[in-house]
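Written out as structure tokens, the structure is:
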């Protein structure tokens, strides 16, 4: 099993919640490209999402949780599956 990069650090404050929601995209699906200035968490509840962050490709399925780092580009690859997920943006 390949070990993926992890996030670590120290902070004197708790994260600040910005926004959240739920997304339902029928097949086919492809996430738009962006560089967020916030941390983002995706919680996958159903379907499949192919997503890239800084040239690393991830296949997300039900039960997966992905944390996107601020200032890094992420975008989707076209899949013939639907995708359902929750998102949380925070600083």
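Numbering (the numbering used here), first residue to last: -7 to 83. In this text, a Cβ means the ideal position worked out from N, Cα and C, and glycines have one as well. Because the structure is a prediction, the values reported are computed rather than measured.
Given a threshold of 16 other Cβ atoms within 10 Å of its Cβ, counted over all protein chains shown, does residue 39 qualify as buried or as exposed?
Around the beta carbon of residue 39, 16 or more other beta carbons sit within 10 angstroms, so the residue counts as buried.
Residue 70 to residue 34 span [Cα, whole Å]
Roughly 18 Å between the two C-alpha positions.
Whole angstroms are fine: how far does the CA of residue 18 sit from the CA of residue 3?
C-alpha separation (whole angstroms): 39 Å.
Helix, strand or coil for residue 24? Go by DSSP, reduced to three states.
Here residue 24 sits in coil by DSSP.
Below 8 Å on the Cβ atoms is my guess for residue 66 versus residue 47; work out the distance and round it to an integer in Å.
Going by Cβ atoms, the distance from residue 66 to residue 47 rounds to 11 Å, so no, they are not a contact pair.
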